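The structure appears right after this line, and notes come after that.
There are 2 protein chains.
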Amino acid sequence: VAHFPAGLSLDPSLRVDLGTQERIVYTAERLFIARSVQHVSVNEICAGAGVLKGSFYHWFSAKEDVARTVIDDVEAGYVGLLDSYERAARGPVNKIRATAEVIGESQAALAKTFRRIIGCPLGTISSELAVVEPAVAGHASAAMTRWHDRLAGHCRDAEEVGLLAPGTDPDELAGLIMATMRGMILLSRIDKLPIPVVTASMNRVLDNALRR
Amino acid sequence: VAHFPAGLSLDPSLRVDLGTQERIVYTAERLFIARSVQHVSVNEICAGAGVLKGSFYHWFSAKEDVARTVIDDVEAGYVGLLDSYERAARGPVNKIRATAEVIGESQAALAKTFRRIIGCPLGTISSELAVVEPAVAGHASAAMTRWHDRLAGHCRDAEEVGLLAPGTDPDELAGLIMATMRGMILLSRIDKLPIPVVTASMNRVLDNALRR
Chain B
8 VAHFPAGLSL
18 DPSLRVDLGT
28 QERIVYTAER
38 LFIARSVQHV
48 SVNEICAGAG
58 VLKGSFYHWF
68 SAKEDVARTV
78 IDDVEAGYVG
88 LLDSYERAAR
98 GPVNKIRATA
108 EVIGESQAAL
118 AKTFRRIIGC
128 PLGTISSELA
138 VVEPAVAGHA
148 SAAMTRWHDR
158 LAGHCRDAEE
168 VGLLAPGTDP
178 DELAGLIMAT
188 MRGMILLSRI
198 DKLPIPVVTA
208 SMNRVLDNAL
218 RR
Chain U
8 VAHFPAGLSL
18 DPSLRVDLGT
28 QERIVYTAER
38 LFIARSVQHV
48 SVNEICAGAG
58 VLKGSFYHWF
68 SAKEDVARTV
78 IDDVEAGYVG
88 LLDSYERAAR
98 GPVNKIRATA
108 EVIGESQAAL
118 AKTFRRIIGC
128 PLGTISSELA
138 VVEPAVAGHA
148 SAAMTRWHDR
158 LAGHCRDAEE
168 VGLLAPGTDP
178 DELAGLIMAT
188 MRGMILLSRI
198 DKLPIPVVTA
208 SMNRVLDNAL
218 RR
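Structural data, given as structure tokens:
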């Protein structure tokens, strides 16, 4: 299992070759995912990254500004995994299943780094910041919408070749799979539900919508 | 639409007849649901309730202690609505649908109080506190597990009388409906997805699992 997201492969304290900006982002990424954006201070990020507070504010206007870059790195990680699983998948139904495979692999990678079930950083950040930092929450949410749209494309392909049960709306099906993913990952984070149960549930929602 | 949860029907500042403990709980309930547990201080709760800090600590050891009581009040609100919708429902499939109806009614009540989509207080509190206050998060999560178990009972009843598609696991079906609820409500909170879309999705997951 490779690191997910990519930034986590870099231990900032060991990488003196990294620029100040990268050290800040990768340190913040670890801290935000381990705890939450709200529970991490700029001081902690600076201490972890080995940079002075003045340098931090040279690159970023606020902690929330770093959070946007972290969200972009998480999205890039998901897109990379999706590209690779979809390329290996034959036919639209298997391309739909790639989303569940990506959840399985990314959660395994996160569990390796943090030694517990982490949940989806995009879902967690968007939920925690929905009221107090809606613009940053929206940035995370927009990344999930792009994932939904990609999945909906495969659902429309499956419908076109007659693989979905009659009357199934492909956009709605994509929404159900994404909702199952969010809802089950939330459960896995709190109640330690194993990730294979999450991915099996996503596939079950799909199976129930296939032509029988 | 009645108030949900019940505590929100009481504006603590107008109810001098309430005891100190109740004023603290109902004030905290409003503040926690409007923002989050972490964004509300004991000072704010005391100011809103019109009680001194010494009185607060006479009744509660910490803010998290009040959060448990708030969670209990939210659960009692859900149970009351479920009782009433299930009583009116004929047959196990309609009793399963009661869960979606409860979401519709409770979210409408919350939107009336707070003038925006609030999401499920149990899900929001359990998510925000999962890492930083796992015991309180677990208290909220246990309430959702009791809801799941109640729903699973109706799913087993539906299976017994042959209403589910062959091979459908009734416990898994209850899990899918609960996951859809959590996942879609999260979306509704962040992306302003209308609540009828949430309840329609929950019913679609059920419909796809019924014998055709």
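Just so you know, the protein sequences line up as chains B and U, in that order.
Just so we're aligned: 178 in the working numbering is position 171 of the first sequence, and the numbers increase by one with no gaps anywhere.
Just so we're aligned: 157 in the working numbering is position 150 of the second sequence, and the numbers increase by one with no gaps anywhere.
Glycine included, C-beta positions come from ideal geometry on N, C-alpha and C.
Please read these numbers as outputs of a predicted model, since none were measured by experiment.
Beta carbon of residue i nearer than 7 Å to that of residue j
i              : j              : result
F63 (chain B)  : V49 (chain B)  : yes
Y92 (chain U)  : A74 (chain U)  : no
A56 (chain B)  : R97 (chain B)  : no
E135 (chain B) : S68 (chain B)  : no
A186 (chain B) : M185 (chain U) : no
H146 (chain U) : I78 (chain U)  : yes
I110 (chain B) : T34 (chain B)  : no
V58 (chain B)  : T27 (chain B)  : yes
V212 (chain U) : L183 (chain U) : yes
R218 (chain U) : A172 (chain U) : yes
I197 (chain B) : S148 (chain U) : yes
N215 (chain B) : A216 (chain U) : yes
G14 (chain U)  : E36 (chain U)  : yes
I103 (chain B) : H161 (chain B) : yes
F121 (chain U) : A41 (chain U)  : yes
Reduced DSSP secondary structure (H/G/I, E/B, other) of residue i
i              : result
L217 (chain U) : strand
L231 (chain U) : Not covered by the structure: residue 231 (chain U). The range shown for chain U is 8 to 219.
G84 (chain U)  : helix
K60 (chain B)  : helix
P203 (chain B) : helix
E135 (chain U) : helix
I124 (chain B) : coil
A96 (chain U)  : coil
E51 (chain U)  : helix
L117 (chain B) : helix
T175 (chain U) : coil
S208 (chain B) : helix
H65 (chain B)  : helix
Q45 (chain U)  : coil
Exposure of residue i, with buried meaning 16 or more beta-carbon neighbours within 10 Å
i              : result
K70 (chain U)  : buried
E1 (chain U)   : Outside the shown range of chain U (8 to 219) lies residue 1 (chain U), about which nothing can therefore be said.
P99 (chain U)  : buried
E166 (chain U) : buried
L180 (chain U) : buried
T131 (chain U) : buried
S16 (chain B)  : exposed
T152 (chain U) : exposed
P203 (chain B) : exposed
G84 (chain U)  : buried
G126 (chain B) : buried
A107 (chain U) : buried
beta-carbon residue i near the ligand SAH non-hydrogen atom, thresh 6 Å
i             : result
L89 (chain U) : This structure simply doesn't include the ligand SAH, nor any ligand for that matter.
task = Could you name each continuous beta strand (DSSP E) segment of 3 residues or more that falls completely within the stretch 146–170 of chain B, going from the start of the chain to the end?
result = none
Residues within the stretch 21–53 of chain U neighbouring chain B, beta-carbon criterion of under 9 Å = A41, R42, S43, Q45 and H46
Residues of the stretch 198–218 of chain U with Cβ closer than 7 Å to any Cβ of chain B, in chain order = D198, S208, R211, V212, N215 and A216
message = Closer than 7 Å between beta carbons: that is the criterion. Which residues of the stretch 60–84 of chain U meet it against chain B?
response = none
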